[in-house]
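Note sheet for the following structure.
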Amino acid sequence: GTYQKSDNTGGSDGATMRFEPEITDGANAGLTIPQDLLLPVKKKHPEVSQADIWTYAGKMAIEETGGPVIPFSFGRIDEPDGKKCPANGRLPDASLGAKHLRDVFYRMGFDDRGIVALSGGHTLGRCHKSRSGFDGPWTADPLTFNNAYYKDLLTKTWVERKWEGPLQYEDKETGKQMMLPTDIALIKDEKFKAIVAEYAKSQEAFYKDFAEYFGKLISLGVPQRKAESVSEKEKKNREFRELCMHGSTERAKAIAKDVDVKSAEPGSGRTGLHKAAFWGHQELTSWLVGEMKMNPDDQDYAGDTALMDAAKFGHTKVVESLLKAGADKTIKNKEGKTAGDIAKFHDKKDILALL
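Okay, so the sequence shown: first residue is 1399 according to the working numbering, each after it adds one.
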């Protein structure tokens, strides 16, 4: 929520939340934890930006907890430093009301409907006193994405919580749920309240709008990238690697003379052999390491070989073909694991017997 339409600054591009001053903004307290949890994904896929990983994780969290499918495009580019960090103070202040919400969201280019729809993200999760100063879940089931947030706003009685923390509200019925001043603002403001009522009545309407507005939110500040220029030769190389992935031996052989069979994907370093082994295509694997003389020990950017891919998924015949071609069983990937280690971890006893 840091985007500013007037000068096109802020937003999800750049992953600038890695740097000061943005990481020190009080509204971001605690976010270093999920950032750290996602670091192994970045390590495994260095070709993907952290900005893409963070926003994609948000999309998937919504979808995996029952929410709508969020439109998403990759292509964010990480900034090398904090020079483009937006000024602190652009994020919503939960202690304020309707005017503040409009100031913040209008600045980004949203309307009232977008404000109410995006507030529905509070159906997931809870507040932690050690992070924001506030405490408690918004709904009775904070791990399920639905329209309970709107139903509860309208049907429960919200009273000020008597405690030592900042002003927040609790439901009079159980005292176990909470709402922030910005949440209560949605039912105090008549324009907002009408939209709350619509979403409380129809989860379908909420999902439709939330998907649109959240998709927009995570795309703000992300420039349109120019279409990648791909040579005719690389197009053929891509076609060949895809045929290897699908085990289309006859078609792969037909175009082999027109391609670099040893070519690798720029982003991952994976070759047609990696793909054939990964998906268990023994005939194609044998042809690649035999007639095409591909090196069975070629490693992708994660350090994985075709033997490791086949071992992981228990493709016995593929492993046999690779070993026959002289694949080195002792090679380690960037995690320090051999093909045998991978087979053991995935409980592939038949593969372990071969290795």
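The C-beta atom is built at its ideal place from N, Cα and C for all residues, glycine as well.
Problem - Residue span of the alpha helix (DSSP H) that contains TYR1548, given as start and end - result: The residue given as residue 1548 occupies position 150 in the sequence shown. Start and end: 1546–1553.
Handout entry: the stretch 1567–1576 touching the stretch 1484–1502, judged by at least three CB pairs closer than 8 Å
Key = No: the two stretches stay apart, fewer than three of their Cβ pairs being nearer than 8 Å.
Problem - For ALA1515 and ASP1581, believed in contact at Cβ under 8 Å, the rounded distance - result: Within the sequence shown, residue 1581 is the residue found at index 183, counting from 1. Within the sequence shown, residue 1515 is the residue found at index 117, counting from 1. Wrong, their Cβ atoms sit about 14 Å apart, outside the cutoff.
Problem - DSSP bridge partner residues for ASP1607 (one or two, in chain order) - result: Residue numbering aside, residue 1607 sits at position 209 when the sequence shown is read from its first letter. Beta-bridge pairing links ASP1607 to no other residue.
Problem - In DSSP terms, what VAL1557 is bridged to - result: As a first step, residue 1557 must be located in the sequence shown, where it is residue number 159. As DSSP reads the structure, VAL1557 sits in a beta bridge with GLU1568.
Problem - Any beta strand (DSSP E) of 3 or more consecutive residues that is wholly inside the stretch 1469–1495 - result: Qualifying beta strand (DSSP E) stretches: none in this window.
Practice task
State the Cα-Cα distance for the pair LEU1584 and ASP1739, rounded to the nearest angstrom.
Solution key: Here residue 1584 refers to the residue found at position 186 of the sequence shown. Here residue 1739 refers to the residue found at position 341 of the sequence shown. Near 55 Å, if we compare the C-alpha coordinates of ASP1739 and LEU1584.
Practice task
Say whether the stretch 1432–1442 touches the stretch 1507–1514, bearing in mind that this needs 3 or more beta-carbon pairs closer than 8 Å, one atom from each stretch.
Solution key: The stretch 1432–1442 and the stretch 1507–1514 do not touch, with fewer than 3 CB-CB distances between them shorter than 8 Å.
Exercise for the section: Have a look at ALA1654, LYS1482 and SER1447 and flag the residue whose alpha-carbon is nearest the alpha-carbon of ARG1384. Expected result: A question about residue 1384 goes unanswered here, because the residues of the chain that appear run from 1399 up to 1753.
Problem - Per-residue DSSP class, three states only, for PRO1579 - result: Position 181 of the sequence shown, counted from the start, is the residue given in the question as residue 1579. In the three-state reduction of the DSSP assignment, PRO1579 falls in the helix class, which pools H, G and I.
Handout entry: Terminal residues of the alpha helix (DSSP H) in which PRO1540 lies
Key = The residue you call residue 1540 lines up with position 142 of the sequence shown. Per DSSP, PRO1540 lies in no alpha helix (DSSP H) segment and is marked neither H nor E.
Handout entry: Assumed close pair ALA1700, ASN1731 - CB separation to whole angstroms, cut-off 8 Å
Key = Indexing the sequence shown from 1 puts residue 1700 at position 302. Indexing the sequence shown from 1 puts residue 1731 at position 333. Right, their Cβ atoms sit about 6 Å apart.
Exercise for the section: Give me the Cβ distance between TYR1597 and TYR1548, rounded to the nearest whole Å; I'm assuming they're in contact under 8 Å. Expected result: Along the sequence shown, read from residue 1 onward, the residue named residue 1597 stands at position 199. Along the sequence shown, read from residue 1 onward, the residue named residue 1548 stands at position 150. The C-beta distance from TYR1597 to TYR1548 rounds to 4 Å, short enough to fall under 8 Å.
Exercise for the section: Given a cut-off of 8 Å, decide if PHE1417 and ILE1513 are closer than it, judged by their beta-carbon atoms. Expected result: Along the sequence shown, read from residue 1 onward, the residue named residue 1513 stands at position 115. Along the sequence shown, read from residue 1 onward, the residue named residue 1417 stands at position 19. Cβ distance not < 8 Å, so ILE1513 and PHE1417 don't count as in contact.
Problem - Identified DSSP bridge partners for THR1407 - result: Sequence index remark: in the sequence shown, residue 1407 carries index 9 (1-based). Residue pairing by DSSP places THR1407 opposite GLN1402 in a beta bridge.
Problem - Element boundaries [alpha helix (DSSP H), containing LYS1651] - result: Taking the first residue of the sequence shown as position 1, residue 1651 is located at position 253. First-last of the alpha helix (DSSP H) with LYS1651: 1647–1653.
Practice task
Go through its chain and collect everything with a Cβ distance to PRO1564's Cβ below 7 Å, but skip five positions before and after it.
Solution key: The sequence position of residue 1564 within the sequence shown is 166, counting from 1. SER1493, GLY1531 and PHE1532.
Practice task
Determine the direct distance from the alpha carbon of SER1471 to that of HIS1672, and round the result to whole angstroms.
Solution key: Residue numbering aside, residue 1672 sits at position 274 when the sequence shown is read from its first letter. Residue numbering aside, residue 1471 sits at position 73 when the sequence shown is read from its first letter. C-alpha separation (whole angstroms): 26 Å.
Practice task
Taking 8 Å as the cut-off, decide whether the C-beta atoms of THR1542 and ASP1550 are in contact.
Solution key: One-based indexing of the sequence shown puts residue 1542 at position 144. One-based indexing of the sequence shown puts residue 1550 at position 152. At a Cβ-Cβ threshold of 8 Å, THR1542 and ASP1550 do not count as neighbours.
Handout entry: Environment of THR1553 [buried if 16+ CB atoms lie within 10 Å]
Key = What you label residue 1553 is simply residue 155 of the sequence shown in a count that begins at 1. Under the 10 Å beta carbon count, THR1553 is surrounded by fewer than 16 other beta carbons and is classified as exposed.
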